[in-house]
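Trainee:
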Amino acid sequence: MAVLLLIFGYPVYRLLVLSFQRQSAGVTLFAKFSNYQTIFSDPVFIQAIQHNLALLICVPIMVVVALLLSIFLFERIRGWQFYRTTLFLPYLLPITVVGLIFSYIFQLSGVLNDFLNLIGLKGLALDWLGSTKLALPTLMFVIVWKEVGFGIVLFLARLMSVEEELFDAAKIDGANWWQLQRHITIPQLSTVIEFFSVISIITMLSWVFNYVFVMTGGGPGNATMVTELYVYLMGFRYNQMNLAAAVSVLLLLVTGVFIFLELYLRGKSEAVEAIT
Amino acid sequence: MKRRRSIGGFLGMSVRQILVISATLLSLFPVYFMTVSAFKTKSEYIGNKWGLPQSLLLSNFNTALAGEKFFLRFANSTILTVGAVALSSILACLAAYAFARMKFPGKRFLFNLILSLMVVPPVVMVVPLFVSMVHWGLVNTYQGTILIYTGLLMPFSIYLMTNFFQTVPHEIVEAARIDGCSNMGVFWRIMMPLSSPAIITMVVVNALWVWNELLIALVFLQDDSKKTLMVGITSFESRYSLDVPAIMAGLTIATLPIVALYLFGQRFFVRGLVSGAAKGD
């Protein structure tokens, strides 16, 4: 308990204090909201927020991909256990390693472009990480590639615990594949889908530092700047601890909203379970 | 078996098989690329990026191991992983025992609080922790970093162990009590041995997390002799910018422990990670 307080409780307090302070000629002053005003007038910070929001597009993509693949695996296609093992592997690899490998794959003279040239699609061989337009979508691809395995395993585990009779009954009633998924699979999975979505939203807003740091460093320009990197650069490169603290407070508030959403959903589903 | 034929309807079995196989190839390709590149010469890599290497060249591994203080980084990562995992496991088991088997005021609230801490992003904690750690003189020390990791690992560990302890039948505990076992006696002699599968799960998942962690290591261990493997890897790129095979060899060595751990303890991973979500299932 003491460790928890030390690592979570006290820092939050310090964070709040720091975010309202300002250093001036070696003296710490109370700064009211000026730190917050400063960061909101920084176009780089606004860009960072926009990029985090853009990353949210990954969430529905991940849910759909994970849903499809887990349903296919659940239908016991040949070798499904092997596929489960390999599809989950990316989730466990260090982002640092994965990011570095992908940056060589997506280089201008990288594997992907070599391959595209070979099959005669020279026009598609683009500068995936070096152009301001493409860097963020490329980053998204890598994030989806890595995080989707968790969804697959999560959905599959839940599907395995659904009673077979439900599926059998629907089939006897003559349900086709789509109807079966729509009326049985998806309702049965709704709680884990909610959970996975909330977790992924939090990931996109505040757990993507490693990807960005390793693959693009926020560049080219500020094309892939995200709030976490902004905190890191402010705090540890430009020595603006107070500004970094203000951004952290905002980030904490936003994640806090989603954490409560998750707790609320969880509480609701528990209540439902208790009643039925 | 019956299911397979009856829902074949819209998407044929072969279409599904193709989709799953392409997804699998896609998830394996980077690992494949890393491994084959690690065995190529520089010129071979430039001429033939995605094919198999002509021969199994090992000199890249020598280059990778020689540069960037590879063994030192490896040792640092190991120290942090072992330290943080051991400390958090012991503390989490004790806390979980209290949550699962004792009555105290505010228990429900505290437990929910811990649940929510599971997803607090580390980046939010980095700034204030850094200020505090500077104040306490714990920057660039193993102890300070282990302490931070321990704190970050606790919520998940407590959650996992509490859920598991709750499934231990009350009768066993009662029987031990009648035989004169104290609270700590019950904990060490009954709970811990019965929970070994859950404990292994916790250790494996946490070890992976610490090994892969970058941000905290980057900020709190800036001293060159204290840098971890993952931090070292981020500077690979600039160091050997032209020697891609050497970089890939280094990455291969850094990944090997994880892949080995995964193949050895796959069921523990899956169980541990899924348990965070599938409560009551």
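Chains A and B, in that order, give the protein sequences. Quick note, our numbering runs 4 ahead of the 1-based positions in the first sequence. Quick note, our numbering runs 1409 ahead of the 1-based positions in the second sequence. Backbone N, C-alpha and C fix where the C-beta goes; we use that ideal spot for every residue, glycine too. The model shown is predicted, which means the values in this text are computed figures rather than measured ones.
For the stretch 40 to 69 of chain A, enumerate the residues whose C-beta is nearer than 7 Å to any C-beta of chain B, in chain order.
Mentor: none
Trainee: Sort A:V102, A:L257, A:L59 and A:P15 by Cα distance to B:L1435 and report the nearest one.
Mentor: Nearest C-alpha to B:L1435: A:V102.
Trainee: Is it buried or exposed, B:R1598, if we count other Cβ atoms within 10 angstroms and call 16 or more buried?
Mentor: exposed
Trainee: Which residues in the same chain have their Cβ closer than 6 Å to the Cβ of A:S239, if we skip the five residues on either side of it in sequence?
Mentor: One detail in the question is off: residue 239 of chain A reads as Gly in this sequence, not Ser. M245 and A248.
Trainee: Return no unless some Cβ of chain B is closer than 9 Å to the Cβ of A:F37.
Mentor: no
Trainee: Please decide whether A:M335 counts as near chain B, where near means a Cβ-Cβ distance under 9 Å.
Mentor: There is simply no residue 335 of chain A to check, as chain A begins at 5 and stops at 280 in what is shown.
Trainee: Our contact map puts B:R1482 next to B:T1664 with C-beta atoms below 8 Å; I'd like the distance itself, whole angstroms only.
Mentor: Contact doesn't hold; Cβ gap of about 14 Å is too wide.
Trainee: Does the CB of A:A249 have a neighbour CB from chain B at under 9 Å?
Mentor: yes
Trainee: Short check: CB of B:T1643 to CB of A:F154, under 9 Å?
Mentor: no
Trainee: Check whether the Cβ atoms of B:G1553 and B:M1542 lie closer than 9 Å to each other.
Mentor: yes
Trainee: Cβ closer than 7 Å: which chain B residues qualify as neighbours of A:S201?
Mentor: Result: empty, since nearest Cβ-Cβ is about 11 Å, beyond 7 Å.
Trainee: Give, in chain order, every residue of the stretch 1459 to 1475 of chain B whose Cβ lies closer than 9 Å to some Cβ of chain A.
Mentor: W1459
Trainee: With 9 Å as the threshold, decide whether the Cβ of B:N1621 is near any Cβ in chain A.
Mentor: yes
Trainee: Can you check which of these residues, A:Y268, A:I81 and A:Y215, is closest to A:S107 by C-alpha distance?
Mentor: Minimum Cα distance to A:S107 is reached at A:Y215.
Trainee: Do the CB positions of A:L233 and A:F264 come within less than 9 Å of each other?
Mentor: The beta carbons of A:L233 and A:F264 sit no closer together than 9 Å.
Trainee: Tell me, please, whether the CB atom of B:Q1675 is closer than 9 Å to any CB atom in chain A?
Mentor: yes
Trainee: Which first and last residues belong to the alpha helix (DSSP H) in which A:Q111 is found?
Mentor: A:Q111: not part of any alpha helix (DSSP H); DSSP gives it neither H nor E.
Trainee: When you compare the stretch 1567 to 1581 of chain B with the stretch 45 to 56 of chain A, are there three or more beta-carbon pairs, one atom per stretch, that lie closer than 8 Å?
Mentor: no
Trainee: Which residue marks the beginning of the alpha helix (DSSP H) containing B:E1453, and which one marks its end?
Mentor: K1451 to G1456
Trainee: How is A:P64 classed by DSSP in three states: helix, strand or coil?
Mentor: helix
Trainee: Pull up the distance between the alpha-carbon of B:A1447 and that of A:F145, whole angstroms please.
Mentor: 24 Å
Trainee: Is the distance from the Cβ of B:G1641 to the Cβ of B:Y1551 below 9 Å?
Mentor: no
Trainee: Count Cβ pairs between the stretch 1670 to 1678 of chain B and the stretch 85 to 103 of chain A that sit closer than 8 Å; are there 3 or more?
Mentor: yes
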